[in-house]
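S.K.: Numbered per my numbering, the sequence shown finishes at 458, counting up by one with no gaps.
I am attaching a structure below and will ask some questions about it afterwards.
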Amino acid sequence: MPLRGSSKAPEFNGDAIDLVQFLKDIEMLCKDVEIDIPANKIKWACCYTSCDEAELWATLPTQQGNDWDAFIKEVKAFYLGAEDDNHKYTCTHLDGLVTAQVAVPMASCGMLSEYIQNFTCIAPFLEKRRKISQ
325 MPLRGSSKAP
335 EFNGDAIDLV
345 QFLKDIEMLC
355 KDVEIDIPAN
365 KIKWACCYTS
375 CDEAELWATL
385 PTQQGNDWDA
395 FIKEVKAFYL
405 GAEDDNHKYT
415 CTHLDGLVTA
425 QVAVPMASCG
435 MLSEYIQNFT
445 CIAPFLEKRR
455 KISQ
C-alpha cells in the first residue's frame, strides 16, 4: 500500500461529496494488493483520511471490528448527502462559485478552465433537477 501523503495514495479530507469515491478507491487499492481481510481495509481507510476524520472514525464501534460494510454504513452516517445524489450540489454551491470568481480576476487560462470545469459540474446538475433554469 502506498504511504499516506504519497501521490499514489487515496485521500479523504472530510467532504461528503468525495466519501463514496474515496471508499471505492480503498476497495480497489486493497483488491489490487490482495488485501481481503475487512479489518485491514478499515485500517487503511482510516490511515488515508485527514487527522480529524481519523479521530472521528476511531470512535466508531465498527472501526475495531472486521465488518467492512458495517464500517462504511457507520461512517456514511456522519456525512449527510454522501450517497444522496439529489443533494450533491445546491444553488448555494453555484452562487458561491460565481461569487468567488467575481472577486478574483481571471488572470490565466488555467483559472478560466477551472471555473468552467466547476460550473459545468454544478449548473447542469441543478438544471436537471429543476433547481435552476437556463
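We put the beta carbon where it would ideally sit given N, CA and C, even for glycine.
(1) Taking DSSP's pairing of strands, which residues face F336 in a bridge?
(2) Tell me the residue span of the alpha helix (DSSP H) that contains S437.
(3) Would you give the residue range spanned by the alpha helix (DSSP H) that F400 belongs to?
(4) Span of the alpha helix (DSSP H) holding L418?
(5) Apply the 10 Å Cβ neighbour rule to C375 and answer buried if 16 or more other Cβ atoms are within range, or exposed otherwise.
(6) Going by the CB atoms, is the gap between H417 and I440 shorter than 7 Å?
(7) Would W381 and C370 qualify as a contact pair, given that the criterion is a beta-carbon distance under 7 Å?
(8) Below 7 Å CB to CB, which residues in the same chain sit around Y413 once its five sequence neighbours on both sides are set aside?
(9) Look at the Cβ atom of F395, then the Cβ atom of I366, and state whether they are nearer than 7 Å.
(10) How is P362 classed by DSSP in three states: helix, strand or coil?
M.R.: Walking through what the data contain:
(1) Taking the sequence shown and counting its residues from 1, one reaches residue 336 at position 12. F336 is bridged to T373.
(2) Start at 1 with the first residue of the sequence shown, and residue 437 comes out as number 113. Unbroken alpha helix (DSSP H) run through S437: C433 to K452.
(3) Taking the first residue of the sequence shown as position 1, residue 400 is located at position 76. What sits at residue 400 in the sequence shown is Lys, not Phe. In the DSSP assignment, K400 falls within the alpha helix (DSSP H) that extends over W392 to K400.
(4) Reading the sequence shown from its first residue, position 94 is the one you call residue 418. For L418, the uninterrupted alpha helix (DSSP H) run begins and ends at C415 to A427, by DSSP.
(5) Looking up residue 375 in the sequence shown gives position 51. C375 sits exposed, since fewer than 16 C-beta atoms from the chains shown fall within 10 Å of its C-beta.
(6) Residue mapping note: residue 440 aligns to position 116 of the sequence shown, counting from 1. Residue mapping note: residue 417 aligns to position 93 of the sequence shown, counting from 1. Inclusion of I440 and H417 in the CB contact set at 7 Å is not warranted, their separation being larger than that value.
(7) Residue 381 sits at position 57 when you count from the first residue of the sequence shown. Residue 370 sits at position 46 when you count from the first residue of the sequence shown. Yes.
(8) As a working note, residue 413 is residue 89 in the sequence shown. Only I446, F449 and L450 meet the Cβ criterion.
(9) Along the sequence shown, read from residue 1 onward, the residue named residue 395 stands at position 71. Along the sequence shown, read from residue 1 onward, the residue named residue 366 stands at position 42. Yes, Cβ-Cβ distance for F395 and I366 is below 7 Å.
(10) Translated into the one-based positions of the sequence shown, residue 362 becomes position 38. Three-state DSSP puts P362 in a helix.
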